[in-house]
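Here the structure comes first, spelled out in structure tokens, and everything after it is commentary.
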Amino acid sequence: MSDINQAPQTIAQTLDWLHNCLGRPALPECPKECERDCDVPGGKAPAWINQKGKAVKVSWKPYQNQLPTQANLAKWFARTTGIGTLGGGPNAHGHYIAFVDLDRKEKVFSSPQAFEARLEQWFNDYPLLNVAPRFRTPSGGYRVILAFTEEPDWTAFSLDRDRSRMGELLARNGGHTLLPPTVGANGIPYRWEYFVAYPPTVAKPEDVGIYPTRQQHPSIPANTSPRSAGSYVPGAIRLEDLLSHRAKDILTGGAKTGDRSDALTALASECYGWEEFCHRYSISYSGTTEILAEYAWGQMEDSSRDPYKWQRILKTISPSACQTAAEYHSGDSENCWKKIYRLDRETFQASCPPHIKDRILGEWGIDKRPRASPTASQQQLNSQKLQADAPESIPPNNGEVTDNFYPPDSDSKQKENLLLKYIDRLLERGNIPLSERRSECAQIAQALELDPKYVEQIVLTRLQEWQFAEVESEKTLIEDLVSKRKQSLDLHQILPPEIACILAQIAAAMPTSAEHLLTVGWSTFGCAIGTAAEVVAWSGFKQKSCVLWTISTARSGKLKSQTQEVMVNPIRLLQQDANSEYCIALKSYKEAQKATQQNRAPDNPPEELPPPPVPREYWVEHITVEALIRTINENPRGFLVHRDEIDGFFKALNKYRAGKGDDEAFYLTLNNGGGPKVILIDRDRRVEVERSCVPITGTIQRKTLDEEMTPRKISSGWMARWVICLAQMPKRRRTRLPYPDIDAFLKDIYHKLSVLKMHYRPVQNEETGEVLRDETNRTVYQGFPITYHLSDSAADYYEQHFFNPMVEREEAELNEGFQLAMSKWSGYCLRIALILHCLHEICKLKNPDGTLKTYLQLKEEWKLSGREHSEKPFEIEIPTLIGADIIQKAIATSYFYINQAEVLYKGQQQDEDDTVPVIQKLIQKSEELRDTVAEGWISTREAYRNCRELVAGAKLRQMSNTDFTAAVFNQMVSMNLGETKKVGKSFKWRILR
0 MSDINQAPQT IAQTLDWLHN CLGRPALPEC PKECERDCDV PGGKAPAWIN QKGKAVKVSW
60 KPYQNQLPTQ ANLAKWFART TGIGTLGGGP NAHGHYIAFV DLDRKEKVFS SPQAFEARLE
120 QWFNDYPLLN VAPRFRTPSG GYRVILAFTE EPDWTAFSLD RDRSRMGELL ARNGGHTLLP
180 PTVGANGIPY RWEYFVAYPP TVAKPEDVGI YPTRQQHPSI PANTSPRSAG SYVPGAIRLE
240 DLLSHRAKDI LTGGAKTGDR SDALTALASE CYGWEEFCHR YSISYSGTTE ILAEYAWGQM
300 EDSSRDPYKW QRILKTISPS ACQTAAEYHS GDSENCWKKI YRLDRETFQA SCPPHIKDRI
360 LGEWGIDKRP RASPTASQQQ LNSQKLQADA PESIPPNNGE VTDNFYPPDS DSKQKENLLL
420 KYIDRLLERG NIPLSERRSE CAQIAQALEL DPKYVEQIVL TRLQEWQFAE VESEKTLIED
480 LVSKRKQSLD LHQILPPEIA CILAQIAAAM PTSAEHLLTV GWSTFGCAIG TAAEVVAWSG
540 FKQKSCVLWT ISTARSGKLK SQTQEVMVNP IRLLQQDANS EYCIALKSYK EAQKATQQNR
600 APDNPPEELP PPPVPREYWV EHITVEALIR TINENPRGFL VHRDEIDGFF KALNKYRAGK
660 GDDEAFYLTL NNGGGPKVIL IDRDRRVEVE RSCVPITGTI QRKTLDEEMT PRKISSGWMA
720 RWVICLAQMP KRRRTRLPYP DIDAFLKDIY HKLSVLKMHY RPVQNEETGE VLRDETNRTV
780 YQGFPITYHL SDSAADYYEQ HFFNPMVERE EAELNEGFQL AMSKWSGYCL RIALILHCLH
840 EICKLKNPDG TLKTYLQLKE EWKLSGREHS EKPFEIEIPT LIGADIIQKA IATSYFYINQ
900 AEVLYKGQQQ DEDDTVPVIQ KLIQKSEELR DTVAEGWIST REAYRNCREL VAGAKLRQMS
960 NTDFTAAVFN QMVSMNLGET KKVGKSFKWR ILR
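Going by numbering that gives the first Met the number 0, the first residue of the sequence shown is number 0, and it counts up by one from there.
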């Protein structure tokens, strides 16, 4: 085991790893005592040792979805020396932790050698498994830990498709396993073979060659009466939409153990009742009772123990004797038809019996009384008057009737459309007095020969539909933004295994967010590569460098700065080495200069000396634009600008010109990898900057970032240039996990990236044209980038799955800031692909034992090859063709940051009446307070003090801050976006977990 992947050695370290990294419960284990005192074969059951030295079993069921308390942990592990856990989830990352338990059984494997050979073949077939945590069991078995994004619904598995059982997949809540350093009942300990803090993530077991051994059974019971195929019409009324609230709760939420049979019986009975109702009135519907029952059973607790019990339950039900809940409670089918009306009005009109239809419409206030018709001239006059008043900008409704009631005598679709047109025109005028609205309704009713009360009812219904649609639209947008803000990146799916493992372990040990580490990494890795590389997708579409400006955003105290230090400090170590080399070179230069002057004859003209050595800059912190120009000229490969608080960098722009300078515009030029070709510094000197690589990285608090996002900075494209990570940071805590030597590892990675091969040509004196030479009489060369190309398949994939969709999405986007941000990602995706390509290629340079070759090893090999005496410097050459696998990783990464940008820009208030950004900020604040003593609760006063938009909204509506904030709280509850409570005089809200 290397120092980088040091496994937890003690119970305390293992407990901390389980709770804080995997999100799985730590359970006590004492196999010998458990076998002795609890009569459990092998002692493989959670148990702790009491004061009398006796083993006491622990029920694992309460810990399927929660972690043990500190009191329980203290009691369990006071004398217990073993530890175990449960597979399952989802954890905080949304993953299901799985322990792949491979049995070394004679009936499956003829010998231990056959078992090891099959294991080795499995790892070779799926290289991802090589970076998965794994340990040996006392019986010689093997357990591999993986994280699935989808929960498996089976346990027994095989590595072959012939379905011969090879072990168990402990991935569902209740899958129990023992862990190192537990000692088994036979005296042999569980021992780690490879460890990383977080296992690699895959979608489902089949993706890594793990197949279920069970055969799939038919899902329809044999005694179920066949239904007419014509009844299941795609696009018709869905069977699940007809169910009562109780039945829907059973369908989606399952039921507690013990109530499962009764719950499924109730659900199936109502489903059969609705099917009988639909057949009775020839109503087209989609779905079957069997499909819904099987799905509902899958949601039940412990249903995996008897996955086909739902079929036996259905056999006990007689479909013809079942009724819908609506029929059962009312005694007739009228309530059923009301539900049909709400779901499909055309079906209601076509199939509802006339007497029921008339009764329902009469109950809803539709006047069926006959009225005398106005004269033809009066009707024509009134219609012409309304047509003259109607604005030309209002389009017709194209025959779409969206009101809640049909006019009693509207045989003509034209009249319906005209009615809705006038109502929509009326509502578009905003809040109008009640008397004026009634007057308008009377005019519409007279013109269209309708009852005024009926028209008023349609107006109210239409207004409710508009308000409901607006609320639903806001709710959908908010839920979409919240889900995007919670998205994460799997380092193992993006980076080379060696880099992904150490960064994942650092993220778990600090703890910090892996997304924030990687965000800083794009700037630091790009800084190391510098101007040595450019990437071309196709002819005419090129990125001149891999410059990425990155910002990590989180609230104060969330280890933002420490996260930056992890990635930036190795750059500083390279800077220290470069400073030492510069001091030595400068000393040698001065000595040579002094010796030349001493040896020169008095009558001889002074010899022209080579230019003095220039310090190599890897990073800077505070720098003016003038100094930046000079530093770029002296360090053409590039360097990093790191500001811990990037807000200071923003404020420093143009500070010497009273805010009227062009510093910001100059930096915008650098973001493209270029620079002004000729920059005059003084009369005697000029600087030519044809290309540059100046990545920038820093941190900022979210509130400060919002203040920096002014309309001018958004419209100028300044904010669109930044890659911003809003990922939530974990709770600060002591993890006790081993902390690897990240500085030495990343320094070596950066060093190797900094010597990637370039094109070189000799530098000539501008006046004489002579080739320049250094103090050792070697030719001075100027480097030019190597061009990296996408392979044909990579270019096609990039065009179809990213470039074209982003162009279409950008054109359709209405938010200016987000639109500008998206416009940059077609190029940024290529820059990320270039960085990933370089990282993956240098990580392929390995020793025979599988470890990475260091920079010094590679340089020693270069010296031994005889190239040390050539005039060109040491460099590493890698392939220049970027494959489709790399572009897929880059696209997945790009979509993550695009979603982050959408959350950021759509969280900015567009106008004073926009409540979506307000609600989003309150949700974020509640989530930040979830792990504190506040438990996520926010009072009205805390809300409007931390969200200035609430104060502005209250002023706009002429309400007090408290009343308006409480109204927003209630609005969020109506959207199912939280809960409220009253504590004394304080009204509080929080987001639900």
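Don't be surprised by glycine CBs; every beta carbon is placed ideally from N, CA and C.
- Counting along the chain, PRO27 sits inside no alpha helix (DSSP H); it lies in the beta strand (DSSP E) bounded by residues 26 to 28.
- Partner residues in the beta bridge of TYR787, as assigned by DSSP, are VAL534.
- Selection LYS452, GLY174 and CYS545 evaluated against PRO784 yields CYS545 as nearest (Cα-Cα).
- Nearest Cα to ASN185 within the set LYS751, CYS33 and PHE276: CYS33.
- Note on geometry: alpha-carbon atoms of PRO510 and CYS20 lie some 9 Å from one another.
- Take the alpha-carbon of ASN598 and the one of GLN592: they are about 10 Å apart.
- With the rule of 3 Cβ pairs closer than 8 Å, the region 523 to 538 counts as touching the region 827 to 847.
- Under the three-state reduction of DSSP, VAL915 is assigned to helix.
- Taking each of HIS515, ARG989, PRO199 and LEU829 in turn and checking the Cα distance to GLY935, the smallest one comes out for ARG989.
- Looking only at SER434, SER319, ARG23 and ALA506, the smallest Cα-Cα distance to ASN64 is reached by ARG23.
- Proximity to ARG358 across PRO495, VAL967 and GLU333 peaks at GLU333, based on C-alpha coordinates.
- Cβ-Cβ separation between ILE498 and ILE713: approximately 34 Å, too far for a contact (criterion under 8 Å).
- HIS641 is the residue among ALA25, PRO614 and HIS641 whose C-alpha sits nearest the C-alpha of HIS621.
- Selection LEU573, LYS483, LYS981 and ALA11 evaluated against ALA527 yields LEU573 as nearest (Cα-Cα).
- Counting C-beta pairs closer than 8 Å gives three or more between the region 547 to 554 and the region 720 to 736, which meets the contact rule.
- Only residues of its own chain outside the window of five on either side were considered, and among them GLY977 and GLU978 have a CB closer than 7 Å to the CB of LEU991, listed in chain order.
- Here the region 915 to 931 lies against the region 477 to 487, with 3 or more beta-carbon pairs under 8 Å apart.
- Looking at the backbone, the Cα of ARG171 and that of ASN129 are separated by about 23 Å.
- Annotation note: the region 474 to 555 contains the following uninterrupted beta strand (DSSP E) runs of length 3 or greater, listed N- to C-terminal: 532 to 537, 540 to 542 and 548 to 552.
- DSSP, reduced to helix, strand and coil, places PHE98 within a strand of the structure shown.
- Looking only at ALA320, ASP305 and SER283, the smallest Cα-Cα distance to ALA265 is reached by ALA320.
- Here ARG164 carries a coil assignment [DSSP, helix/strand/coil].
- In the three-state scheme derived from DSSP, where H, G and I count as helix and E and B as strand, ILE748 is classed as helix.
- As DSSP reads the structure, HIS641 sits in a beta bridge with THR696.
- Taking 9 Å as the cut-off, the beta carbon of SER138 is found closer than this to the beta carbon of GLY183.
- Under the three-pair Cβ rule at 8 Å, the region 890 to 900 counts as touching the region 815 to 826.
- In this structure, the CA atom of VAL613 is about 14 Å from the CA atom of PHE638.
- Residue range 244 to 252 is occupied by the alpha helix (DSSP H) that includes HIS244.
- In the three-state reduction of the DSSP assignment, CYS837 falls in the helix class, which pools H, G and I.
- Rounded to whole angstroms, the gap between the alpha carbons of ARG164 and THR212 is 6 Å.
- The distance from the Cβ of PHE986 to that of ALA965 is about 5 Å, consistent with a contact at the 8 Å cut-off.
- The DSSP-derived three-state label of THR176 is strand.
- For ARG437, the enclosing alpha helix (DSSP H) has its first and last residue at 433 to 447.
- The residue among TYR284, SER281 and LEU313 with its C-alpha nearest the C-alpha of GLU293 is LEU313.
- Your pair PRO45 and TRP59 checks out as a contact, with CB atoms roughly 5 Å apart and the cut at 8 Å.
- Under the DSSP definition of a beta bridge, ARG142 partners with ASP100 and PHE134.
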